[in-house]
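Have a look at the structure below before the remarks.
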Amino acid sequence: MEIRTVPTAPIAGQKPGTSGLRKKTRVFMEPHYLENYVQSIFDGIGGVQGKTLVLGGDGRYFNDRASQVILRMAAANGAAKVIVGQNAILSTPAASHLIRSRGTDGGLILSASHNPGGEDADFGLKYNTPNGGPAPEGVTDRIFEATKALSEYRIAVAQDVDLSTLGTTRLGELEVEVVDPVADYAVLMEQLFDFDAIRALFASGFTMRFDAMHAVTGPYAREILENRLGAPAGTVVNATPSPDFGGGHPDPNPTWAKELFDLLMSDDGPDFGAASDGDGDRNMVLGRHAYVTPSDSLALLTAHAHRAPGYREGLKGVARSMPTSAAVDRVAAALGIACYETPTGWKFFGNLLDAGRATLCGEESFGTGSDHVREKDGLWAVLLWLNILADTRQPVKALLEDHWRTYGRNYYSRHDYEDVETEKANALYDGLRAKLGSLPGQSFAGLTVATADEFAYDDPVDGSRSERQGLRIGFADGGRVVFRLSGTGTVGATLRVYLEALETDPSRLDRNAGEALSDIARAADEIAGIKAHTGRQAPDVIT
Ligand code: G16
Numbered sequence: 044m045e046i047r048t049v050p051t052a053p054i055a056g057q058k059p060g061t062s063g064l065r066k067k068t069r070v071f072m073e074p075h076y077l078e079n080y081v082q083s084i085f086d087g088i089g090g091v092q093g094k095t096l097v098l099g100g101d102g103r104y105f106n107d108r109a110s111q112v113i114l115r116m117a118a119a120n121g122a123a124k125v126i127v128g129q130n131a132i133l134s135t136p137a138a139s140h141l142i143r144s145r146g147t148d149g150g151l152i153l154s155a156s157h158n159p160g161g162e163d164a165d166f167g168l169k170y171n172t173p174n175g176g177p178a179p180e181g182v183t184d185r186i187f188e189a190t191k192a193l194s195e196y197r198i199a200v201a202q203d204v205d206l207s208t209l210g211t212t213r214l215g216e217l218e219v220e221v222v223d224p225v226a227d228y229a230v231l232m233e234q235l236f237d238f239d240a241i242r243a244l245f246a247s248g249f250t251m252r253f254d255a256m257h258a259v260t261g262p263y264a265r266e267i268l269e270n271r272l273g274a275p276a277g278t279v280v281n282a283t284p285s286p287d288f289g290g291g292h293p294d295p296n297p298t299w300a301k302e303l304f305d306l307l308m309s310d311d312g313p314d315f316g317a318a319s320d321g322d323g324d325r326n327m328v329l330g331r332h333a334y335v336t337p338s339d340s341l342a343l344l345t346a347h348a349h350r351a352p353g354y355r356e357g358l359k360g361v362a363r364s365m366p367t368s369a370a371v372d373r374v375a376a377a378l379g380i381a382c383y384e385t386p387t388g389w390k391f392f393g394n395l396l397d398a399g400r401a402t403l404c405g406e407e408s409f410g411t412g413s414d415h416v417r418e419k420d421g422l423w424a425v426l427l428w429l430n431i432l433a434d435t436r437q438p439v440k441a442l443l444e445d446h447w448r449t450y451g452r453n454y455y456s457r458h459d460y461e462d463v464e465t466e467k468a469n470a471l472y473d474g475l476r477a478k479l480g481s482l483p484g485q486s487f488a489g490l491t492v493a494t495a496d497e498f499a500y501d502d503p504v505d506g507s508r509s510e511r512q513g514l515r516i517g518f519a520d521g522g523r524v525v526f527r528l529s530g531t532g533t534v535g536a537t538l539r540v541y542l543e544a545l546e547t548d549p550s551r552l553d554r555n556a557g558e559a560l561s562d563i564a565r566a567a568d569e570i571a572g573i574k575a576h577t578g579r580q581a582p583d584v585i586t
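Following this note's numbering, the numbering of the sequence shown begins with 44 at its first residue and continues without gaps.
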């Protein structure tokens, strides 16, 4: 097999963000763009000679072509073996599981997650380390350095590998094993949850709708929910993955999964609703007339996890990203377990999970997971919810209200201002950062600022420090607003404003979140000048 060494030059901007490199698909398809980045990953991790990697993606446009390029480059760089999901499909959690269960040297995951797919939409690629988790900052920094020093890449000249047939083939010296993307993952879920109890729940007439949003989770959800757990056929909708996700935005939240949301808010909706994103790591959970915020979901799952066989022994600790509400903190305190606060990005949970300090982790951005893999896991969260519902036989709404009565309610909402001109977003953000020190004691919209700082994280396991991880402002009455610029967008900047207020008065637990947070929202605008800087009168997305 001919190996070609192709001269190239560094391409600016190949800097991994919150979760790998995400760009417009057409950018990834430009000459050398993908190849440069793949070679930089290989160089950044010390080469792949003799190594075994996992490869797969969410099936979005260019997933198939990019996979063939990566295989040819793995072969040319001397990798021993690549384990690929059939047709180059693997959900992110399933890829994480394969990396771990097969003891590999890591994996490459093709996905831009919840971002839309298609030739005119988004594409992404990330490297996960041998623990199955997203590469930590130290590794992504080395990859970025490699992109800046690159002068050539190596690629084999070969026909496409047949990825549609299970089994092992060769590409020169490289062994390519094509595996069923669902099988191993489904077995893992059977080990963690009481499938008999969930089967009995469905047999009792319990109804559910799972919206796979035309994305990768469809085949996983069908196999597990319908085939193994006996949910009626048709429980999983939009179950066939398509390269452009049916033209939709595969982000499971009330805005982009509106049909599901509206159905669950109606009187004749099913008992339970759930959705997941492009690559299957996010989840949204709904009950009839009940929207469970991701922060509340983490808190409730923490309180009830012992009901599932995989967590019967109790939790070692929990972790949440800083912008996630503090609802889980009070559950952890009641359980007497540690609660860690990390920067946004699942990669920051890796050390805590590896060190056995945390069992469950969660983020406000619709991500929840546990130490079963090293990624957040949409279907896992849905199955844990089902296990809890099967055990308690309570409606979601009743469970949630009971939780608030016990622990208080953190009203919570995130306002996103998308595709803001980068200079304007930076001006807002830098301006706010510069005046943080002067804010305490001042009042905005009737609220007095008690604390204001920029979040930095000292990893308790490896001692590494991550700075500039969001601006947070605490009010005297216990409310909070956090400002961040997203690290996953592909055009302009996305400003995220996270609003939170704790309510413990039992007579005020059923308010509308928008209403309960309206003062904090006004204060946020007064403090940061959101409207003035962005020219926007309202957020693009509210979750
Ligand atoms: C990724 C990360 C998450 C993060 C989210 C939003 O999720 O894995 O940890 O919370 O992005 O990040 P940002 O606020 O920087 O856009 P996903 O599902 O896109 O991989």
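Heads up, the beta-carbon is just placed ideally off N, CA and C, and yes, glycines get one too.
Going by DSSP, which residues form a beta bridge with residue i?
i	result
P177	N171
A333	G330
L490	F487
R511	According to DSSP, R511 bridges with nothing at all.
L151	L98, Y170
V524	I516, L542
E218	K124, R213
I132	G100
A362	Y383, C404
V280	D254
L432	Bridge partners of L432: none, in fact.
E497	L514
A536	V463
R452	E546
Start and end of the beta strand (DSSP E) containing residue i?
i	result
A246	Segment 238-246 is the alpha helix (DSSP H) holding A246; no beta strand (DSSP E) there.
E195	195-200
F518	514-518
R591	Given that the chain is displayed from residue 44 to residue 586, the structure contains no residue 591 and the question cannot be resolved.
K478	Per DSSP, K478 belongs to no beta strand (DSSP E); it is in the alpha helix (DSSP H), 465-478.
K66	64-67
Three-state secondary structure (DSSP) at residue i?
i	result
S413	strand
G393	helix
K440	helix
Q111	helix
I585	strand
L341	helix
T385	strand
D315	Note on residue identity: the sequence assigns Phe, not Asp, to residue 315. Here F315 sits in strand by DSSP.
R457	strand
A264	helix
R325	strand
D165	strand
R145	coil
G60	strand
What are the boundary residues of the alpha helix (DSSP H) that includes residue i?
i	result
M251	Not the alpha helix (DSSP H): M251 falls in the beta strand (DSSP E), residues 251-254.
H576	573-577
G557	556-559
R355	No alpha helix (DSSP H) holds R355; DSSP gives it neither H nor E.
L378	370-378
V230	226-235
E73	First-last for E73: undefined, no H or E at that position.
D305	301-308
Check whether the Cβ atoms of residue i and residue j lie closer than 8 Å to each other.
i	j	result
V97	T135	no
R271	F238	yes
P173	I152	no
G589	G321	In the structure as shown, the chain starts at 44 and stops at 586, and residue 589 therefore has no counterpart that could be examined.
Y228	E407	no
H140	L231	yes
L482	L538	no
K169	A123	no
Y263	G323	yes
V374	A346	yes
P284	G316	no
A468	L528	yes
R115	A201	yes
T586	S456	yes
Y454	E569	no
Using 8 Å as the limit for Cβ to Cβ distance, is residue i near chain B?
i	result
M116	Checking the listed chains, one finds no chain B in this structure; it contains a single protein chain.
Hey, is residue i close to the ligand FMN, as in C-beta under 7 Å from one of its heavy atoms?
i	result
E406	By its list of ligands, the structure shown excludes the ligand FMN, since it contains just the ligand G16.
ask   = Counting Cβ pairs, one atom from each stretch, are 3 or more of them under 8 Å apart for the stretch 407-422 and the stretch 384-397?
value = By the Cβ test, the stretch 407-422 is in contact with the stretch 384-397, since at least three Cβ pairs between them sit closer than 8 Å.
Quiz item: Does the count of Cβ pairs from the stretch 74-91 and the stretch 296-311 closer than 8 Å reach three?
Solution: Short answer: they don't touch.
- Does the pairing of the stretch 200-214 with the stretch 179-190 give three or more beta-carbon distances under 8 Å? Counting Cβ pairs under 8 Å, fewer than three are found: no touch.
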